[in-house]
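In the numbering used here, the protein residues as written are 167 to 389.
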C-alpha cells in the first residue's frame, strides 16, 4: 500500500492512472487549483490528452491560524464558508469580509499573472476534471465545483491524489464524482503524504500552462 508520493509529478501520474476512461475524449477539460495543483494536473492532462487551464481559488484562512480554512473564494464572485469552523471559533462577519477582500486581490493578481490576455476555457457542456494536490477541509474544492456548475459544466469530476476520507464522503454525498487513490482517516496535512512538497512557484505554474498550451506529443517529457 502506498504510504507517500515522491512528489507532485508522481502523484499526478498515479492519479491519471485512475482516469483512463476519460482519455482522448474531446469534451474533457482539466482545471488545476493553483499553485500546488498545477504540477499534478499537468501530468493528468498529458495522460488524458486533454487541455489544461487553472481554476483560481483562494482559501480564507482563520487569522492567526492561516492553515485552517474558514472558507474559500473563486472566480466569478463565489464565496464558500466552512460553517463549522466559523461557528466553533465565533468568527465575526467583519473579519471574514476583511480576509475575503485581501484574498480577492490576490485572486485577481494570479488570474492576470497566469493567463494574461488569454481567455479562460469555456466549460459549458464539458466534462471538467478539477485537480489539486490534496484535500483537507475541502473548502477550496467546493468553491471550484460551485463555479464550474454555475458555468454549466456537464460533468465535474474532483480528482486529487490524497484527501481526508470524511471530506471525500461529504463531497460524494453532495452529488460529486470523487477520484482519490489515497484516502486517509487521519490526514493531518496534505504535505505529510509527500516526500517532497516544496511550494510551487508562480514561474513554474506559468511554465507548465505555457507548455500545456502547445499541443506537442512529447509535452510530458520536457519537465
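Virtual Cβ for every residue (Gly too), placed ideally from N, Cα, C.
Taking DSSP's pairing of strands, which residues face residue i in a bridge?
i           : result
residue 349 : 329
residue 245 : 239
residue 256 : DSSP, once it has assigned bridges, lists no residue as partnering residue 256.
residue 301 : 329
residue 296 : 197, 324
residue 319 : 290
residue 360 : 171
residue 344 : 324
residue 365 : Beta-bridge pairing links residue 365 to no other residue.
Could you please give the first and the last residue of the uninterrupted beta strand (DSSP E) stretch that includes residue i?
i           : result
residue 195 : 194 to 198
residue 227 : 223 to 228
residue 220 : 218 to 220
Report yes if the CB atom of residue i is closer than 8 Å to the CB atom of residue j, and no otherwise.
i           : j           : result
residue 302 : residue 199 : no
residue 287 : residue 173 : no
residue 322 : residue 181 : no
residue 224 : residue 259 : no
residue 296 : residue 368 : no
residue 326 : residue 300 : yes
residue 234 : residue 251 : yes
residue 276 : residue 318 : no
residue 226 : residue 237 : yes
residue 329 : residue 349 : yes
residue 292 : residue 320 : yes
Rank the options by C-alpha distance to the C-alpha of residue i and give the top, closest one.
i           : options            : result
residue 371 : 337, 183, 221      : 221
residue 339 : 351, 324, 350, 353 : 324
residue 232 : 262, 211, 210      : 262
residue 345 : 352, 355, 333      : 333
residue 210 : 294, 236, 267, 335 : 294
residue 191 : 216, 248, 315, 171 : 216
residue 214 : 307, 284, 242, 178 : 178
residue 253 : 242, 228, 349, 243 : 228
residue 184 : 356, 343, 267, 355 : 343
residue 122 : 285, 283, 341      : Because the chain spans 167 through 389 in this model, residue 122 falls outside it and cannot be assessed.
Leaving aside the five residues before and after residue i along the sequence, list all residues of the same chain whose C-beta is less than 7 Å from its C-beta, in chain order.
i           : result
residue 186 : none
residue 218 : 196, 198, 207, 208, 211, 375, 378
residue 248 : 235, 236, 237, 303, 305
residue 170 : 359, 360, 361
residue 175 : 205, 209
residue 242 : 313, 316
residue 331 : 349, 350, 351
Could you please give the first and the last residue of the uninterrupted alpha helix (DSSP H) stretch that includes residue i?
i           : result
residue 210 : 203 to 214
residue 175 : 174 to 182
residue 379 : 368 to 379
Only counting the same chain, and skipping five residues up and downstream in sequence, which positions put a Cβ closer than 6 Å to that of residue i?
i           : result
residue 374 : 204, 208
residue 245 : 239
residue 390 : Because the chain spans 167 through 389 in this model, residue 390 falls outside it and cannot be assessed.
residue 384 : For residue 384, the pLDDT reaches just 45, beneath the cut-off of 50, and the residue's location in the model is therefore unreliable, leaving the point undetermined.
So, for residue i: in the same chain, excluding its five sequence neighbours on each side, which residues have a beta-carbon less than 8 Å away from its beta-carbon?
i           : result
residue 365 : 201, 202
residue 336 : 304
Using a Cβ-Cβ distance cut-off of 8 Å, determine whether residue i contacts chain C.
i           : result
residue 248 : Of the protein chains in this structure there is only one, and it is not chain C.
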